[in-house]
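This report concerns only the one structure given below.
There are 2 protein chains.
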Amino acid sequence: MKSLLKSLEILEAVAEHQPVSVGELAKRLSLPKSTVQRVLLTFHEAGWLRQRRGDMTRWEVGARILGVRPPELNGGRLYAAAREPMRELRDATNETVHLSIPDGLNSVVLIDRADCQQNVRTFSPLGDAAPFHATANGMAIMAWLSDQEIDDIIARGLPAFTEQTITRPDRLREELAAIRQRGYSLNMSNYRPAICAIGAAIMDADNRPVGSLCISMPQSRYDPARLSQWGQQVVEAARRISLMQPADPI
Amino acid sequence: MKSLLKSLEILEAVAEHQPVSVGELAKRLSLPKSTVQRVLLTFHEAGWLRQRRGDMTRWEVGARILGVRPPELNGGRLYAAAREPMRELRDATNETVHLSIPDGLNSVVLIDRADCQQNVRTFSPLGDAAPFHATANGMAIMAWLSDQEIDDIIARGLPAFTEQTITRPDRLREELAAIRQRGYSLNMSNYRPAICAIGAAIMDADNRPVGSLCISMPQSRYDPARLSQWGQQVVEAARRISLMQPADPI
DNA sequence: TCACGTCGTGCCATATTATGGAACGCCATG
DNA sequence: CATGGCGTTCCATAATATGGCACGACGTGA
Numbered sequence: 423m424k425s426l427l428k429s430l431e432i433l434e435a436v437a438e439h440q441p442v443s444v445g446e447l448a449k450r451l452s453l454p455k456s457t458v459q460r461v462l463l464t465f466h467e468a469g470w471l472r473q474r475r476g477d478m479t480r481w482e483v484g485a486r487i488l489g490v491r492p493p494e495l496n497g498g499r500l501y502a503a504a505r506e507p508m509r510e511l512r513d514a515t516n517e518t519v520h521l522s523i524p525d526g527l528n529s530v531v532l533i534d535r536a537d538c539q540q541n542v543r544t545f546s547p548l549g550d551a552a553p554f555h556a557t558a559n560g561m562a563i564m565a566w567l568s569d570q571e572i573d574d575i576i577a578r579g580l581p582a583f584t585e586q587t588i589t590r591p592d593r594l595r596e597e598l599a600a601i602r603q604r605g606y607s608l609n610m611s612n613y614r615p616a617i618c619a620i621g622a623a624i625m626d627a628d629n630r631p632v633g634s635l636c637i638s639m640p641q642s643r644y645d646p647a648r649l650s651q652w653g654q655q656v657v658e659a660a661r662r663i664s665l666m667q668p669a670d671p672i
Numbered sequence: 423m424k425s426l427l428k429s430l431e432i433l434e435a436v437a438e439h440q441p442v443s444v445g446e447l448a449k450r451l452s453l454p455k456s457t458v459q460r461v462l463l464t465f466h467e468a469g470w471l472r473q474r475r476g477d478m479t480r481w482e483v484g485a486r487i488l489g490v491r492p493p494e495l496n497g498g499r500l501y502a503a504a505r506e507p508m509r510e511l512r513d514a515t516n517e518t519v520h521l522s523i524p525d526g527l528n529s530v531v532l533i534d535r536a537d538c539q540q541n542v543r544t545f546s547p548l549g550d551a552a553p554f555h556a557t558a559n560g561m562a563i564m565a566w567l568s569d570q571e572i573d574d575i576i577a578r579g580l581p582a583f584t585e586q587t588i589t590r591p592d593r594l595r596e597e598l599a600a601i602r603q604r605g606y607s608l609n610m611s612n613y614r615p616a617i618c619a620i621g622a623a624i625m626d627a628d629n630r631p632v633g634s635l636c637i638s639m640p641q642s643r644y645d646p647a648r649l650s651q652w653g654q655q656v657v658e659a660a661r662r663i664s665l666m667q668p669a670d671p672i
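Protein chains in written order, with the working numbering: chain X, 423 to 672; chain B, 423 to 672.
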């Protein structure tokens with residue numbers, strides 16, 4: 423369905439550049455103006471896009487989309503449960519804390535953030551997708567997946583993002599075993615240069631990983647002497663959130 | 423674009439019933455199986471839907487959609503700013519607190535909730551859309567819109583939901599004036615029977631309403647003697663959140 | 001063991017539908 | 001007053017979504 427794929431591209435472009443005009447979108451996506459406009463009007467008809475207040479020529483994403491969420495977020499239980507522990511972890515470390523969930527076996531997506539107060543801090547936009555094998559949040563989740571699911575992720579390839587990215591399957595499996603043993607995962611600039619993170623998985627009542635938490639910091643502030651303490655704090659925060667997660671309904 | 427409208431209906435149906443199978447969707451929407459499957463595969467290709475872990479025949483919403491959000495939520499500043507005040511308001515009143523944002527001039531949408539601990543409590547699912555003229559959150563926002571925008575909403579009709587719904591335009595304008603004067607809005611079973619609420623608008627740095635907060639309670643616990651105090655508390659909580667809202671970029 | 005019903009999947013001729021170039025009206029600018 | 005850029009509309013045409021049908025897999029009950 424080419425038209426649907428094209429429409430979703432347009433929707434995502436609106437989300438990224440809102441509020442945005444027809445012409446701008448057409449240029450950006452190299453599509454005819456009339457095609458773009460037809461799609462915008464159709465999304466509008468469905469309630470997914472709206473015109474900006476006071477400016478009928480600029481489009482933005484409507485609130486209807488907020489009713490369409492992955493099942494992990496239904497009832498907002500993960501958000502709600504993570505809120506307080508994330509704040510406390512942020513305050514205890516004075517570093518930014520990230521909350522992510524897996525998107526199937528494709529990637530991990532950042533869904534919430536507790537920002538620290540430092541002048542130099544890491545930043546990732548909410549909704550950002552990142553690979554399992556190169557991030558603290560990704561590896562923390564991956565460590566608790568079944569062997570078959572791990573094989574599946576590895577089979578999709580382990581691209582390198584920095585010199586530190588783990589790209590060899592056997593090396594990755596070793597690292598996952600280490601994570602299972604110590605409880606927390608470690609990202610030493612494996613994904614983005616000069617960004618380190620310490621992560622731990624959040625489990626549901628069936629002991630399946632449904633998300634993860636990490637402390638994200640500039641490499642300049644990474645202190646090996648504190649690793650063990652911070653690792654335990656992340657694990658403890660994740661455990662508290664895990665206790666509030668329901669079982670997965672079939 | 424019929425095909426796009428149909429596809430969005432299917433996507434929304436998946437969100438509502440996830441995890442869901444092809445056949446179930448086809449029955450529910452009265453569409454041919456092959457059509458539904460083609461749409462599911464296309465959404466999958468675009469990363470918007472995924473198969474449930476361990477069950478290739480059940481579909482659910484993927485995390486990619488989390489990157490597509492209304493502009494009010496960009497950076498999560500409203501969520502983040504509202505978090506603490508909402509909790510405090512909930513604790514102070516022991517009632518559920520709702521956070522909503524306007525969807526253009528169409529409706530207000532519930533985006534967050536701080537649940538109270540009572541055995542009897544109100545419940546609305548996140549993402550729920552409600553009319554401006556019949557809810558505390560809606561009227562709180564509406565009160566601070568321009569005259570033209572208010573006219574616009576009224577022109578779309580003021581349907582009745584209960585005996586108490588305000589359906590006469592002049593009566594609604596009076597109520598909005600009263601809200602502007604006292605600072606908080608009031609819903610006395612105007613929308614859902616036996617549910618009351620006290621609301622106040624959240625303003626951005628340009629003094630435009632970008633959302634609203636309300637205390638939502640069963641009518642049985644509504645106490646006129648406390649109205650003034652709770653009203654002031656909602657207004658104060660909304661004001662604290664407002665101070666953290668950025669100006670609206672053109 | 002076999003027959004049956006159910007489900008997900010793949011195919012393909014057909015008709016519906018999306019396409020995009022062109023033209024129009026509007027507005028701000030020089 | 002001319003110009004360029006914008007959003008919008010139209011329509012013949014080609015591209016594409018459609019959906020009935022059939023196949024294979026699976027689970028069930030006779």
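Ideal Cβ placement from N, Cα and C applies to all residues, glycine included.
Report yes if the C-beta distance between residue i and residue j is below 8 Å; otherwise report no.
{"i": "B:P493", "j": "X:E482", "result": "yes"}
{"i": "B:Y613", "j": "B:G653", "result": "no"}
{"i": "B:I523", "j": "X:A485", "result": "yes"}
{"i": "X:Q641", "j": "X:S611", "result": "yes"}
{"i": "X:L511", "j": "X:Q655", "result": "yes"}
{"i": "B:Y519", "j": "B:L635", "result": "Correcting the residue identity first, residue 519 of chain B is Val in this sequence and not Tyr. The answer is yes: Cβ separation under 8 Å."}
{"i": "X:A622", "j": "X:A577", "result": "no"}
{"i": "X:T557", "j": "X:M639", "result": "no"}
{"i": "B:S546", "j": "X:S425", "result": "no"}
{"i": "B:L567", "j": "B:P631", "result": "yes"}
{"i": "X:L433", "j": "B:V490", "result": "yes"}
{"i": "X:V458", "j": "B:M423", "result": "no"}
{"i": "X:L594", "j": "X:I601", "result": "no"}
{"i": "B:A504", "j": "B:L521", "result": "yes"}
{"i": "B:P507", "j": "B:A659", "result": "yes"}
Start and end of the alpha helix (DSSP H) containing residue i?
{"i": "X:L462", "result": "K455 to A468"}
{"i": "X:E446", "result": "V444 to L451"}
{"i": "B:I432", "result": "K424 to H439"}
Just to confirm my understanding: we take residue i, look at its own chain, exclude 5 residues before and 5 after, and list those with CB closer than 8 Å. What are they?
{"i": "X:L548", "result": "L532, I533, D534 and R535"}
{"i": "X:S529", "result": "A551, A552, P553, F554 and G560"}
{"i": "B:I699", "result": "Residue numbering for chain B in the displayed model covers 423 to 672; residue 699 of chain B lies beyond these limits and cannot be assessed."}
{"i": "B:I487", "result": "W470"}
{"i": "X:L598", "result": "M561, M564, A565 and I572"}
{"i": "B:R590", "result": "L580"}
{"i": "B:Y644", "result": "M610 and C618"}
{"i": "X:Q586", "result": "M610, S611 and N612"}
Might you give, ordered along the chain, the residues of its own chain that have their beta carbon closer than 7 Å to the beta carbon of residue i, omitting 5 neighbours on each side?
{"i": "X:L527", "result": "E571, D574 and I575"}
{"i": "X:I672", "result": "Interpretation of X:I672 is limited by its pLDDT of 37, a score under 50 that renders its predicted location unreliable; no figure is taken from the coordinates."}
{"i": "X:D525", "result": "V531 and A551"}
{"i": "X:L403", "result": "As displayed, chain X neither begins before 423 nor continues past 672, which places residue 403 of chain X out of reach and without an answer."}
{"i": "B:T648", "result": "Note on identity: in this sequence residue 648 of chain B is Arg, with Thr being the wrong assignment. Same-chain partners within the cutoff: there are none."}
{"i": "B:A468", "result": "none"}
{"i": "X:A448", "result": "P454, K455 and V458"}
{"i": "B:S429", "result": "V461"}
Quick check on DSSP: helix, strand or coil for residue i?
{"i": "X:V519", "result": "strand"}
{"i": "B:P507", "result": "helix"}
{"i": "B:P524", "result": "strand"}
{"i": "X:L665", "result": "coil"}
{"i": "X:R578", "result": "coil"}
{"i": "B:V404", "result": "Residue 404 of chain B is absent from the structure shown; chain B starts at 423 and stops at 672."}
{"i": "X:Q539", "result": "coil"}
With a CB to CB cut of under 6 Å and the five nearest residues on each side skipped, what residues in its chain are close to residue i?
{"i": "B:A437", "result": "V483"}
{"i": "B:R474", "result": "P441, R480 and E482"}
So residue i is in the beta strand (DSSP E); what residue range does that whole segment cover?
{"i": "B:Q419", "result": "Absent from the model: residue 419 of chain B. The displayed extent of chain B is 423 to 672, so no value can be given."}
{"i": "X:V531", "result": "S529 to A536"}
{"i": "X:R480", "result": "D477 to V483"}
* **Inside the region 584–653 of chain B only - beta strand (DSSP E) runs reaching at least 3 residues** => Along the length of the region 584–653 of chain B, whole beta strand (DSSP E) runs at least 3 residues long occupy 607–610, 617–625 and 631–640, reported in chain order.
* Asked: Residue ranges of each alpha helix (DSSP H) run of no fewer than 4 residues wholly in the region 542–568 of chain B, ordered along the chain?
  -> 558–564
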